[in-house]
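Peer 1: Sharing a structure with you now.
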Amino acid sequence: MFLVRLPLVILFTGVVLAGLLGVQSPGRNLATITVWTVWWAALPFLALGFGKLWCAVCPWQAVADWALRLRLWRATDRPVTFGLAPPRWLRSLWPALVLFLALTWLELGFGVTQSPRGTAYLALAMLFFSLYAGLIFTRGAFCRHGCLVGAITGIYATFAPVELRGRDRAICRGCVGHDCYHGNSRGNPCPTSQYLGSMERSSQCLLCLECVRSCPEDNVAVSLRPVASELLALPRARRDEAWLALMLVGLTTFHGLVMTPWWGRIAGAVEDWAGLEPTAAFTILMAVAVALPIAAYAGVVALARRWGGAGAAVARAAPFVQFAYALLPVAFFYHLAHNAGHLFLEGGALLPALSDPLGWGWNLFGTADLLPGPLLTGPALLVVQVGCLVVGQVYAALTTARVARRLYGAGRPALALAPVLAFSLILSAVNLWLLGQPMEMRTGL
-12 MFLVRLPLVI LFTGVVLAGL LGVQSPGRNL ATITVWTVWW AALPFLALGF
38 GKLWCAVCPW QAVADWALRL RLWRATDRPV TFGLAPPRWL RSLWPALVLF
88 LALTWLELGF GVTQSPRGTA YLALAMLFFS LYAGLIFTRG AFCRHGCLVG
138 AITGIYATFA PVELRGRDRA ICRGCVGHDC YHGNSRGNPC PTSQYLGSME
188 RSSQCLLCLE CVRSCPEDNV AVSLRPVASE LLALPRARRD EAWLALMLVG
238 LTTFHGLVMT PWWGRIAGAV EDWAGLEPTA AFTILMAVAV ALPIAAYAGV
288 VALARRWGGA GAAVARAAPF VQFAYALLPV AFFYHLAHNA GHLFLEGGAL
338 LPALSDPLGW GWNLFGTADL LPGPLLTGPA LLVVQVGCLV VGQVYAALTT
388 ARVARRLYGA GRPALALAPV LAFSLILSAV NLWLLGQPME MRTGL
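Mapping to the working numbering: the sequence shown position 258 is 245, numbers consecutive.
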């Protein structure tokens, strides 16, 4: 794994140096193009295909691991750490949700995507969080609870066609040493404290393969599975994951709106009407964008609860938490559709940036003078984007039906699913409208 992580750490170092020392033009600096146009845009696609694979090669976690273990590749169960248990209020995804909201504000409100130096500072901040959490808390605290990238790819990993599991649960149950959890001379302890004997979800599995190396019975394997099978299997719902799914619904749509000409009109109207500065108006509108879908969803769930029947047999909070997973496909596949626009329209900007990473007039690979055009445009791109929305809506309908049957099988599941399904269709229609609007590019191409 060291040899896989090392190139990413070198690239991470280059991105930071380019952001700090290079020309402060987002379309010419390697930092902004690599981080926002390529990596951040491609991350949902990577999660769709391979789950949390990014977490296995994450450069800031790699640096933190090497620093705290005082070695680059050999296994050890004695890292440099105080090993404190995180406070109970931190043992959830809420710290990651707060960081996700903060990043969205920095990205869209503060314009960090247009600032190479700001991008470098943000990358260093993530490294600091990883190092600090690793030094103070038990292993994997930042990856499990604080990393916004891990939280997003974790919930998206429910769609991935790959999983890491124990081959035979009976062997796991009969194991005495639990080397997959504790580690041994062949492999480090599981960085997020997952036990393969009972693991049913991929949201906390980093695919680091330490358990593959440490298992004395060779009982761990990476296997293929149907797309979205984990989501459709309806594993135990978590309240913090439900809130993450709902925030993704609002923030992905908001992200698309901010990049259209309509945003300037809306923000300008709010600024003039309320007499606010642009930053204050943006903050208020972002809060509305997050809160409005959640408030509407709460009303939809109340209607589903009333129509579904089953009375006291269904816990009051259960529909709110479980139906949130049915909206996740809408958010995820719009995220894919929106980011496809960035990748296909702007991704070619990486080629000249690699030859001239600092914008100082270098031509390291002979590509600095290239004027890359879009990889896909017009009707072809729209077909890809609309296809994403259609697939997302299909999975939303399937998940809604399964949740309704689980909650209201003894009542009226067909009626219970109707308002939630209608709400998902409305969200998809809004996202389809956004895809038809002109989009502002990050690099200015």
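Note that beta-carbon positions come from the ideal geometry of N, C-alpha and C, so glycine has one too. Here the structure is a predicted model, which is why all the values come from computation and not from measurement.
1. Does LEU421 pass the burial test, meaning 16 or more other C-beta atoms within 10 Å, or should it be called exposed?
2. Determine the burial state of ALA318: buried for a count of at least 16 other Cβ atoms within 10 Å of its Cβ, exposed for fewer.
3. Do TYR321 and GLY379 have their beta-carbon atoms positioned less than 8 Å apart in this structure?
4. What does a CB cutoff of less than 7 Å around LEU357 pick up in its chain, not counting 5 residues either side in sequence?
5. Please list the terminal residues of the continuous alpha helix (DSSP H) segment that includes SER117.
6. Between the alpha carbons of ALA89 and ARG160, how many angstroms are there, rounded?
7. Would DSSP call GLY251 helix, strand or coil?
8. Which residue wins for smallest C-alpha separation from GLY127, given the options ALA157, VAL373, THR179, TYR395?
9. I'd like to check one pair, VAL277 with LEU235: are the Cβ atoms closer than 8 Å?
10. Which value, in whole angstroms, describes the spacing of the CA atoms of PRO316 and PRO222?
11. Whose C-beta lies closer than 8 Å to the C-beta of TRP53 among residues of the same chain, with five residues either side of it excluded?
12. For ALA304, which option in ALA224, VAL44, ALA367 has the closest C-alpha, if you only look at C-alpha atoms?
13. Name the DSSP bridge partner or partners of LEU71?
14. In chain order, what residues of the same chain have a beta carbon less than 7 Å from the beta carbon of GLY360, not counting five sequence neighbours either side?
15. Count Cβ pairs between the region 339 to 348 and the region 3 to 23 that sit closer than 8 Å; are there 3 or more?
16. Alpha carbon to alpha carbon, what distance is there between THR364 and CYS130?
17. Distance, Cα to Cα, GLY243 vs ASN206?
18. Just the Cα atoms here: how many angstroms apart are ALA43 and CYS167?
19. Can you give the Cα-Cα distance for ARG392 and GLY295, rounded to whole angstroms?
Peer 2: Looking at the atomic coordinates:
1. Along the sequence shown, read from residue 1 onward, the residue named residue 421 stands at position 434. With 16 or more Cβ atoms within 10 Å of its Cβ, LEU421 is classed as buried.
2. Against the sequence shown, residue 318 aligns to sequence position 331. Its Cβ being crowded by 16 or more others within 10 Å, ALA318 is buried.
3. As a working note, residue 379 is residue 392 in the sequence shown. As a working note, residue 321 is residue 334 in the sequence shown. The criterion of a C-beta distance shorter than 8 Å is satisfied by GLY379 and TYR321.
4. As a position in the sequence shown, residue 357 is number 370, starting the count at 1. These residues qualify, in order along the chain: LEU338, PRO339.
5. Here residue 117 refers to the residue found at position 130 when the sequence shown is read from its first residue. Taken as a continuous stretch (DSSP letters only), the alpha helix (DSSP H) holding SER117 covers 103 to 123.
6. Residue numbering aside, residue 89 sits at position 102 when the sequence shown is read from its first letter. Residue numbering aside, residue 160 sits at position 173 when the sequence shown is read from its first letter. ALA89 and ARG160 have their alpha carbons spaced roughly 42 Å apart.
7. Translated into the one-based positions of the sequence shown, residue 251 becomes position 264. Look at GLY251 here: in three-state DSSP terms it is helix.
8. Mapped onto the sequence shown, residue 127 falls at position 140. Comparing Cα positions, the closest option is THR179.
9. Taking the sequence shown and counting its residues from 1, one reaches residue 235 at position 248. Taking the sequence shown and counting its residues from 1, one reaches residue 277 at position 290. The Cβ atoms of LEU235 and VAL277 lie no closer than 8 Å to each other.
10. Here residue 316 is taken as the residue at index 329 of the sequence shown, counted from 1. Here residue 222 is taken as the residue at index 235 of the sequence shown, counted from 1. Rounded to the nearest angstrom, the gap between the Cα atoms of PRO316 and PRO222 is 16 Å.
11. What you label residue 53 is simply residue 66 of the sequence shown in a count that begins at 1. Around TRP53: LEU59.
12. Position 317 of the sequence shown, counted from the start, is the residue given in the question as residue 304. Nearest C-alpha to ALA304: ALA224.
13. Taking the sequence shown and counting its residues from 1, one reaches residue 71 at position 84. PHE124, per the DSSP bridge assignment.
14. The count along the sequence shown starts at 1 and reaches residue 360 at position 373. Closer than 7 Å at Cβ, skipping near neighbours: GLY335.
15. Touching, yes, given that three or more Cβ pairs across the two stretches are closer than 8 Å.
16. Along the sequence shown, read from residue 1 onward, the residue named residue 130 stands at position 143. Along the sequence shown, read from residue 1 onward, the residue named residue 364 stands at position 377. If you take the alpha carbons of CYS130 and THR364, they lie about 37 Å apart.
17. Along the sequence shown, read from residue 1 onward, the residue named residue 243 stands at position 256. Along the sequence shown, read from residue 1 onward, the residue named residue 206 stands at position 219. About 44 Å.
18. By one-based count along the sequence shown, residue 43 stands at place 56. By one-based count along the sequence shown, residue 167 stands at place 180. Answer to the nearest angstrom: the Cα atoms are 16 Å apart.
19. Within the sequence shown, numbered from 1, the residue matching residue 392 stands at position 405. Within the sequence shown, numbered from 1, the residue matching residue 295 stands at position 308. Looking at the backbone, the Cα of ARG392 and that of GLY295 are separated by about 10 Å.
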